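Chemist:
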Amino acid sequence: FMAKLEKPCPFCSGFVQKNGGCNVMMCGTSAHGELAIALRNGGCGGCFLWDSGQPGGVDYFHLDGVKTKRQPVTSRMHDYEKKKEKLLAKTPPWTETKLHGVFVMVPPPAKK
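Positions 25 to 136 (the working numbering) are the ones given, in order, by the sequence shown.
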């Protein structure tokens with residue numbers, strides 16, 4: 025049931041909830057529109073297509089109020105990638121796996 029209402033953002037893995045409307049979503053909103061609102065709500069502002077979960081469908085108002093058609097790049101997206109890199113660099117091989125529709129990092133099994 026929740027898979028129909030919520031999906032992970034392809035940029036930061038935060039959950040995005042859809043409440044109707046078109047296929048284009050912005051992380052931090054329930055639709056797409058203003059980057060300032062997305063960031064204020066705790067999202068990264070990444071734009072993606074709801075049905076495929078892939079980046080795209082960019083058409084929003086940037087922080088300066090100007091309508092744009094380019095993918096936003098925010099510090100929240102950058103922070104997520106940095107955390108992921110650090111996690112991968114630690115100890116023996118971590119693997120990335122999909123769990124309940126979200127990509128998560130899984131450590132190797134503990135040695136006995």
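Backbone N, C-alpha and C fix where the C-beta goes; we use that ideal spot for every residue, glycine too. It should be emphasised that the depicted structure is a prediction, and the values quoted were computed from it without experimental measurement.
So Leu59 is in the alpha helix (DSSP H); what residue range does that whole segment cover?
Modeler: Segment Leu59 to Arg64, the alpha helix (DSSP H) holding Leu59.
Chemist: Along the chain, where does the beta strand (DSSP E) containing Pro32 start, and where does it finish?
Modeler: Per DSSP, Pro32 belongs to the beta strand (DSSP E) from Glu30 to Pro32.
Chemist: From Cys71 to Tyr104, what distance separates their C-alpha atoms?
Modeler: Cα to Cα, the separation comes out at about 16 angstroms.
Chemist: Quick one: what's got a C-beta closer than 7 angstroms to Leu29's C-beta in the same chain, skipping five residues either side?
Modeler: The answer, listed in chain order, is Gln41 and Lys42.
Chemist: I'd like the list of long-range same chain contacts for Phe85, defined as Cβ closer than 7 angstroms, with 5 residues on each side in sequence excluded.
Modeler: Closer than 7 angstroms at Cβ, skipping near neighbours: Gly57, Glu58, Leu59 and Lys91.
Chemist: If we require 4 or more residues per run, which alpha helix (DSSP H) segments fall completely within the segment 38 to 99?
Modeler: Runs of the alpha helix (DSSP H) inside the segment 38 to 99: 59 to 64.
Chemist: Between the Cα of Lys93 and the Cα atoms of Val82, Met101 and Gly67, which residue gives the shortest distance?
Modeler: Among Val82, Met101 and Gly67, the Cα nearest to that of Lys93 is on Val82.
Chemist: Please state if the CB of Gly67 and the CB of Cys51 are separated by a distance shorter than 8 angstroms.
Modeler: In contact: Cys51 and Gly67 (Cβ atoms closer than 8 angstroms).
Chemist: Between the C-alpha atoms of Leu73 and Lys107, what's the straight-line distance to the nearest angstrom?
Modeler: Going by the C-alpha atoms only, they are around 25 angstroms apart.
Chemist: Work out the CA separation of Gly44 and Phe25 for me, nearest whole Å.
Modeler: Low confidence applies here, because Phe25 scores a pLDDT of 45, under 50, leaving its location unreliable; read the following figure in that light. One C-alpha to the other measures close to 15 angstroms.
Chemist: Do Gln78 and Pro34 have their beta-carbon atoms positioned less than 8 angstroms apart in this structure?
Modeler: For Pro34 and Gln78, yes; Cβs fall inside 8 angstroms.
Chemist: Buried or exposed: which applies to Leu87, given that a residue is buried once 16 or more other Cβ atoms fall within 10 Å of its Cβ?
Modeler: Its Cβ having fewer than 16 others within 10 Å, Leu87 is exposed.
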